[in-house]
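Peer 1:
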Amino acid sequence: MALIFIRTAIIFIATLVVMRLMGKRQIGEMQPYELVITLIIADLACIPMADNSIPLLYGVIAILSVYFLHQIICLIDLNFPWAKSIVSGIPSIVLNKNGIDDTQLKKNNLDVSDLIESLRVEGYFALDSVDYALYEAEGTFSALPKRNYMELQQSLPIILVDEGKFDEKNVVYTGHDKEYFLDVLKHHGCVELKKVLVMTVDGNGKVYLQQKGKKYETFSLNWEKQLW
Numbered sequence: 000m001a002l003i004f005i006r007t008a009i010i011f012i013a014t015l016v017v018m019r020l021m022g023k024r025q026i027g028e029m030q031p032y033e034l035v036i037t038l039i040i041a042d043l044a045c046i047p048m049a050d051n052s053i054p055l056l057y058g059v060i061a062i063l064s065v066y067f068l069h070q071i072i073c074l075i076d077l078n079f080p081w082a083k084s085i086v087s088g089i090p091s092i093v094l095n096k097n098g099i100d101d102t103q104l105k106k107n108n109l110d111v112s113d114l115i116e117s118l119r120v121e122g123y124f125a126l127d128s129v130d131y132a133l134y135e136a137e138g139t140f141s142a143l144p145k146r147n148y149m150e151l152q153q154s155l156p157i158i159l160v161d162e163g164k165f166d167e168k169n170v171v172y173t174g175h176d177k178e179y180f181l182d183v184l185k186h187h188g189c190v191e192l193k194k195v196l197v198m199t200v201d202g203n204g205k206v207y208l209q210q211k212g213k214k215y216e217t218f219s220l221n222w223e224k225q226l227w
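Residue numbers (numbering that gives the first Met the number 0): 0 to 227.
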């Protein structure tokens with residue numbers, strides 16, 4: 000028992016020292032390669048602690064080796080911009096003044112509902128309330144709102160069409176049927192549902208519509224009263 004305790008303490012101290020040497024970002028928002036290194040160090044630290052047959056020195060050397068690899072990657076990251084984009088990735092602008100950039104979403108394995116969720120977390124509920132939105136290389140989300148963004152989100156928008164498919168539950172929630180919204184789409188030049196990237200509507204009847212490959216548009220439905 001004492002031997003296991005001593006081995007664990009040594010590995011713990013070595014891991015703590017290495018993590019501190021890697022800097023504050025290593026325990027905050029990490030780049031992809033930093034996450035990989037952190038996971039490897041965690042695994043390397045566990046093996047010699049649990050298996051007495053493995054020399055303790057092997058575990059310490061392995062952890063220090065990973066630290067030196069981290070330093071090499073950091074030097075490359077700082078001194079070679081072209082290599083930084085390969086190792087760490089680059090920010091992806093997923094929403095601009097033309098609307099949602101579906102190509103950038105797909106490159107990041109995201110969809111429209113993921114984007115809307117990220118916007119809501121930041122306090123932006125309407126897609127037209129922001130000029131730009133992007134995902135940083137390490138995965139954090141940022142948005143630049145319009146000056147009057149509060150005026151553009153007076154009611155909570157819900158998704159009616161996502162990637163060419165109706166959200167049946169939300170359609171029922173509006174008190175209308177799919178035929179009603181298909182007529183709305185045809186009136187605004189969209190004859191094929193599959194060409195709709197996203198369509199949302201809020202309780203006041205304000206619609207956000209974006210067809211694939213086109214700029215978004217907003218308009219209001221003639222609803223007699225606010226529905227929610």
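All C-beta atoms in this analysis are idealised placements derived from N, C-alpha and C, irrespective of residue type, glycine included. Quick caveat, the model's predicted, so the values are computed rather than measured.
Under three-state DSSP, which class holds THR37?
Peer 2: THR37: helix per DSSP, three-state reduction.
Peer 1: Taking contact to mean at least 3 C-beta pairs separated by less than 8 Å, is the stretch 146-163 in contact with the stretch 192-212?
Peer 2: Because the criterion of three Cβ pairs below 8 Å is met, the stretch 146-163 and the stretch 192-212 touch.
Peer 1: For GLY27, which residues in the same chain have their Cβ closer than 8 Å to its Cβ, ignoring the five residues on either side in sequence?
Peer 2: Residue confidence is low: GLY27 scores 44 on pLDDT, short of 50, so the model does not pin down where it sits. Its coordinate-derived value is still stated next. Correct list: empty, nothing qualifies.
Peer 1: For the structure I just gave you, are there three or more beta carbon pairs, one from the stretch 173-190 and one from the stretch 203-221, closer than 8 Å?
Peer 2: The stretch 173-190 vs the stretch 203-221: in contact.
Peer 1: Could you compute how far the alpha carbon of TYR131 sits from the alpha carbon of PRO90?
Peer 2: Cα to Cα, TYR131 sits roughly 12 Å from PRO90.
Peer 1: Starting from the Cα of SER64, find the closest Cα among THR37, LEU77, TRP81 and GLY88 and give me that residue.
Peer 2: Comparing Cα-Cα distances from SER64 to each of THR37, LEU77, TRP81 and GLY88, the minimum goes to THR37.
Peer 1: If we require 3 or more residues per run, which beta strand (DSSP E) segments fall completely within the stretch 153-202?
Peer 2: Here the runs fully enclosed are 157-161 and 195-200.
Peer 1: By Cβ distance, which residues of its chain are closer than 8 Å to SER112, with the 5 residues on each side in sequence left out?
Peer 2: Closer than 8 Å at Cβ, skipping near neighbours: ILE158 and ASP161.
Peer 1: Have a look at LEU133, ILE9, ILE72 and LEU143 and flag the residue whose alpha-carbon is nearest the alpha-carbon of ALA44.
Peer 2: For the residues LEU133, ILE9, ILE72 and LEU143, the minimum Cα distance to ALA44 belongs to ILE9.
Peer 1: From the DSSP output, read off the bridge partner residues of VAL206.
Peer 2: According to DSSP, which records beta bridges pairwise, VAL206 is partnered with VAL200 and PHE218.
Peer 1: Mind checking whether the beta-carbon of GLY98 lies closer than 8 Å to any heavy atom of the ligand SAM?
Peer 2: This structure simply doesn't include the ligand SAM, nor any ligand for that matter.
Peer 1: Give the DSSP bridge partners of ASN108, in chain order.
Peer 2: Beta-bridge pairing links ASN108 to no other residue.
Peer 1: Quick one: any contact between the stretch 103-121 and the stretch 133-145, if contact means 3 or more CB pairs under 8 Å?
Peer 2: Yes, since at least three Cβ pairs between the stretch 103-121 and the stretch 133-145 fall closer than 8 Å, the two stretches touch.
Peer 1: How many Å lie between GLY88 and ASN78 at the Cα?
Peer 2: C-alpha separation (whole angstroms): 15 Å.
Peer 1: Please tell me whether TYR215 and LEU126 are closer than 9 Å, where the distance is taken between their beta carbons.
Peer 2: Taking 9 Å as the Cβ cut-off, TYR215 and LEU126 qualify as a contacting pair.
Peer 1: Spatial neighbours of LYS23 within its chain, please: CB distance less than 7 Å, with the 5 preceding and 5 following residues excluded, ordered by chain position.
Peer 2: Low local confidence applies: a pLDDT of 43 at LYS23 is under 50, so the model's placement there is unreliable, with the coordinate-based value given in what follows. If we look at LYS23 and ignore the five residues flanking it on each side, it has no Cβ neighbours.
Peer 1: Considering only the beta carbon of each residue, do LEU114 and ILE99 sit closer than 9 Å?
Peer 2: Cβ atoms of LEU114 and ILE99: closer than 9 Å.
Peer 1: Apply the 10 Å Cβ neighbour rule to TYR57 and answer buried if 16 or more other Cβ atoms are within range, or exposed otherwise.
Peer 2: Burial call: exposed.
Peer 1: Around the Cβ of VAL171, are there at least 16 other Cβ atoms within 10 angstroms (buried) or fewer (exposed)?
Peer 2: Exposed, because fewer than 16 other Cβ atoms sit within 10 Å of the Cβ of VAL171.
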